[in-house]
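Peer 1:
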Amino acid sequence: MALELRDVDSGYGETQVLRGVSLKCGDGTITVMVGPNGAGKTTTLKTVNGLIRAWSGSIMFGGEDVTRLHAFERVERGMASCPEGRRLFPRLSTETNLRLGAYSKRARDSVDETLQDVYGMFPRLRERAEVRVGRLSGGEQQMVGIGRALMAKPSLVVLDEPSLGLAPKLIGEIFEKIVELKKRGLSVLLVEQNAFQALNIADYAYVLQEGRVVNEGPPSQLMDREELKKAYFSIE
Ligand SMILES: Nc1ncnc2c1ncn2[C@@H]1O[C@H](COP(=O)(O)OP(=O)(O)OP(=O)(O)O)[C@@H](O)[C@H]1O
Ligand SMILES: [Mg+2]
């Protein structure tokens with residue numbers, strides 16, 4: 078198992094957001110979390126990558142209990158994130174942004190090699206290597222965000238709404254890249270508002286509502302449930 082959350086509570090200050098969240102992400106699989114705005118999806122990912130701490134429960138990563146580890150220690154163990162809104166440095170070039178993803182000891186010694194790998198996966202980024210990220214299109218910026226996560230040489234990639242704000246054609250392209258991550262043997266934990274497309278590429282999915290997992294299963298099962306479609310998914 079790449080990742081397992083067991084009965085995790087967490088939140089901000091005094092405010093509890095997650096209430097007993099348990100989820101698993103199998104090795105080399107795409108696990109999707111969907112749910113309405115404010116459900117706690119981003120909070121789940123922040124608890125996974127260590128940006129906020131779990132109040133209780135445990136987080137296992139690659140068979141190791143990482144619940145008490147700092148974010149950078151999780152990166153060293155092979156967990157990489159592309160956060161909501163990407164958080165790139167708009168005034169720095171594409172290549173500089175990518176290289177910044179390889180700060181961990183794990184990744185430092187093979188930066189050039191990994192960079193070629195990322196350019197292989199995103200040829201468009203090679204063309205844009207010297208361009209400031211602020212001048213790239215939304216789709217290209219999203220690719221930089223994913224590429225930067227890959228620069229950390231992860232075994233698990235955590236993606237928060239990679240399709241946000243993108244034109245439909247680009248959304249398809251981003252989802253194809255996510256499938257490619259899986260083909261390369263990576264495990265992916267993906268949060269998406271774009272539920273329909275996300276479920277199409279998922280091996281397993283969770284529905285989060287008000288900080289709780291209210292449904293889970295293989296996507297085909299979840300998509301069969303009419304009321305779920307209406308309640309949580311933006312399916313017309
Ligand atoms: N930094 C913060 N401090 C306090 N409360 C926060 C903070 N970030 C989020 N929250 C609250 O936690 C709850 C869950 O937010 P979260 O961002 O995890 O939801 P989400 O499912 O990712 O929503 P969205 O689909 O809008 O991205 C919300 O009620 C939100 O107001
Ligand atoms: Mg969010």
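Under my numbering, read the sequence shown as residues 78 to 313, first letter to last.
Every residue, glycine too, gets a C-beta built ideally from N, C-alpha and C.
Does the separation of the CB atoms of PHE138 and ARG130 fall below 8 angstroms?
Peer 2: no
Peer 1: Measure the alpha-carbon distance for GLY215 versus PHE166 and round it to whole angstroms.
Peer 2: 14 angstroms
Peer 1: Give the secondary structure of THR108 by DSSP, where H, G and I count as helix, E and B as strand, and everything else as coil.
Peer 2: strand
Peer 1: Going by the C-beta, is ASP118 closer than 7 angstroms to any heavy atom of ligand 2?
Peer 2: Checking the displayed sequence, the identity of residue 118 turns out to be Lys instead of Asp. Within the cutoff, so yes.
Peer 1: Give a yes or no on whether the C-beta atoms belonging to ALA179 and ALA229 are separated by under 8 angstroms.
Peer 2: yes
Peer 1: In this structure, how does DSSP classify GLU313 when only helix, strand and coil are distinguished?
Peer 2: Caution applies to GLU313, whose pLDDT of 42 falls short of 50 and renders its modelled position unreliable; the value that the coordinates give is listed next. Correct three-state label for GLU313: coil.
Peer 1: Mapping the DSSP letters down to three states, classify ALA244 as helix, strand or coil.
Peer 2: coil
Peer 1: For PHE149, count the other beta carbons within 10 Å of its own beta carbon; 16 or more makes it buried, fewer makes it exposed. Which is it?
Peer 2: Under the 10 Å beta carbon count, PHE149 is surrounded by fewer than 16 other beta carbons and is classified as exposed.
Peer 1: Opposite ALA267 in the DSSP bridges: which residues?
Peer 2: A quick correction: the sequence has Leu, not Ala, at residue 267. Its beta-bridge partners are VAL109, LEU236.
Peer 1: So, at 6 angstroms on beta carbons, what are the nonlocal neighbours of TYR283 in its own chain, with the 5 sequence-adjacent residues on each side left out?
Peer 2: Leaving aside the five residues that flank TYR283 on each side, the residues in its chain whose CB is nearer than 6 angstroms to its CB run, in chain order, LEU100, MET110, VAL290, GLU293.
Peer 1: Distance check for ASP189 and ILE312, CA to CA, integer angstroms please.
Peer 2: Legend: pLDDT at ILE312 = 47, less than 50; position of this residue unreliable, value from coordinates given subsequently. Between ILE312 and ASP189, the C-alpha separation is close to 42 angstroms.
Peer 1: So the alpha helix (DSSP H) LEU122 belongs to, where does it begin and stop?
Peer 2: 118-126
Peer 1: Once DSSP output is grouped into helix, strand and coil, what is the label at ILE136?
Peer 2: Here ILE136 sits in strand by DSSP.
Peer 1: Hey, how far is the Cα of TYR196 from the Cα of ALA206?
Peer 2: 9 angstroms
Peer 1: What do you get for MET220, buried or exposed, if any count of 16 or more other CB atoms within 10 angstroms of its CB means buried?
Peer 2: buried
Peer 1: Helix, strand or coil, according to DSSP, for GLN93 in the structure here?
Peer 2: strand
Peer 1: Once the 5 residues before and after GLY127 are set aside, which same chain residues still bring their CB inside 7 angstroms of it?
Peer 2: LEU146, HIS147, ALA148, ARG151
Peer 1: Output the distance between the C-alpha atoms of MET156 and VAL234, rounded to the nearest integer angstrom.
Peer 2: 6 angstroms
Peer 1: May I have the straight-line CA-CA distance separating ARG203 from LEU82, to the nearest angstrom?
Peer 2: In this model, ARG203 and LEU82 are separated by some 37 angstroms (Cα to Cα).
Peer 1: Whose C-alpha, out of GLN218, GLU161, THR120, SER181, is nearest the C-alpha of ARG168?
Peer 2: GLN218
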